[in-house]
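Participant:
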Amino acid sequence: MTKPLGEFGRISRFFKPLAAGFPGARGLRDDAAVFGVPEGRELVVTTDAMVAGVHFFPDDAPADIAAKLMRSNLSDLAAMGAEPLAYTLVTALPRGLDESWLEGFAAGLGEDQRRFGIALAGGDSVSTTGPVTLSVTAFGLVPAGRALPRWGGRPGDRVFVTGSIGDAALGLEIAYGRLDVPDEETSAHLLRRLRRPDPRTTIGPRLIGLAGGAMDVSDGLVADLGHLCGESGCAALLRAEAVPLSDAARGAIDGDPVRLALAITGGDDYELLFTAPAAARDDLAALSADCGVAITEIGELHPGTPGEVSVLDAATTPLPLTRRGWDHF
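Anchor point for the sequence shown: position 237 equals 237 in the UniProt record's numbering, and the numbering is continuous, going up by one each time.
(1) Tell me the DSSP secondary structure of residue 111 in three-state form.
(2) Identify whether residue 202 lies in helix, strand or coil by the three-state DSSP scheme.
(3) Quick one: which unbroken alpha helix (DSSP H) runs of 4-plus residues sit fully inside the region 249–286? Chain order, please.
(4) So, helix, strand or coil for residue 11, using DSSP?
(5) DSSP three-state label for residue 121, please.
(6) For residue 136, is the classification buried or exposed, using 16 other Cβ atoms within 10 angstroms of its Cβ as the cut-off for buried?
(7) Jot down the residue ranges of each uninterrupted alpha helix (DSSP H) in the region 127–184, minimum 4 residues, whole runs only, in chain order.
(8) Here's the rule I'm using: 16 or more other beta-carbon atoms within 10 Å means buried, otherwise exposed. How should residue 1 be labelled?
(9) Considering residue 70, what are the terminal residues of the alpha helix (DSSP H) in which it resides?
(10) Residue 76 to residue 116, Cα distance in whole Å?
(11) At a cut of 8 Å, does the region 108–122 reach the region 240–251 through at least three beta carbon pairs?
(12) Any idea what DSSP makes of residue 239, helix, strand or coil?
(13) Please name the residue or residues paired with residue 309 in a DSSP beta bridge.
(14) What is the DSSP secondary structure of residue 32, counted as helix, strand or coil?
(15) What are the start and end residues of the alpha helix (DSSP H) that includes residue 19?
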């Protein structure tokens with residue numbers, strides 16, 4: 001019988017290789033990382049946690065879990081206009097969890113480190129009698145004084161979103177067995193977007209100077225637009241027919257207004273939601289073409305009750321919504 005690696009054996013085998021490219025990690029041999037911030041830059045820090053049974057299914061592939069954990073944090077950095085630098089990781093794992101799970105999890109982290117240019121700087125590893133619980137604190141760099149705020153929107157600004165909305169929410173319905181879709185290709189696309197979102201790390205830093213208010217879409221488009229315009233002290237109008245949908249999402253929605261409502265309130269999109277003046281449209285179109293990612297105008301801000309979002313259908317009729325987005329509590 002193979003002897004378990006133990007805490008420090010696990011760190012040495014699975015996590016030290018992830019820190020090898022970042023000198024500030026000090027080989028994970030000290031109690032903390034040490035690194036400086038280049039002159040003229042500021043550090044952006046974000047933390048996201050994920051719990052089995054809440055943020056992912058316990059039997060999801062560990063590499064997919066790692067990708068979602070990493071990318072949700074990278075999306076927060078992108079929403080602030082920051083470029084990824086490093087991250088710390090906390091794992092709370094049941095004692096009986098097989099080491100092959102950790103191997104797959106570490107492999108998923110390594111794949112994303114290479115893709116997004118980020119490295120492990122340290123963290124902690126503990127046991128738990130509860131479900132798998134994971135947390136990442138990510139660090140990014142932004143030009144001093146230029147981090148994008150949520151509160152930078154102004155009445156008259158247009159509202160824009162990157163990529164497509166609703167894939168993850170529809171994918172979650174498929175995973176629960178509550179949604180039938182026309183074909184396997186549609187199903188695979190929606191499930192992939194649920195498990196492996198696409199953080200817009202190339203676009204975020206280039207929104208500095210163009211965007212007013214910005215954040216990422218994690219709790220649902222309608223709810224997050226409410227957060228953004230609430231912090232900006234104004235209201236928003238959202239045109240549901242303008243919300244960008246993937247071909248897979250359109251096929252799954254199939255004209256059903258209930259499914260459309262789910263798509264725009266369901267969350268886990270990790271796209272960038274931001275405001276900008278109408279005069280920025282040409283610059284945003286050029287940025288979209290350069291990055292190969294759609295940027296779509298979906299509404300506008302206006303004077304009104306802070307945080308209020310009106311959602312209109314194609315006939316400019318208010319779209320009734322039974323929920324606005326995700327709330328943990």
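Glycine included, every Cβ here is placed at the ideal spot set by N, Cα and C.
Facilitator: Taking the coordinates as given:
(1) In the three-state DSSP reduction, residue 111 falls in the helix class (H, G or I).
(2) In the three-state reduction of the DSSP assignment, residue 202 falls in the coil class.
(3) Within the region 249–286, the alpha helix (DSSP H) runs of at least 4 residues that lie entirely inside it are, in chain order, 257–265.
(4) DSSP places residue 11 in helix when its eight states are reduced to three.
(5) Three-state result, residue 121: strand.
(6) Looking at its Cβ environment, which holds 16 or more other Cβ atoms inside 10 Å, residue 136 is buried.
(7) You should have 167–175.
(8) Unreliable placement is indicated for residue 1, whose pLDDT of 45 sits below 50; no coordinate value is reported for it.
(9) From DSSP, the alpha helix (DSSP H) with residue 70 extends over 62–79.
(10) Whole-angstrom Cα-Cα distance: 14 Å.
(11) Touching, no.
(12) Strand at residue 239.
(13) DSSP, once it has assigned bridges, lists 236 as partnering residue 309.
(14) Secondary structure at residue 32: coil, using DSSP grouped into helix, strand and coil.
(15) Start and end: 16–19.
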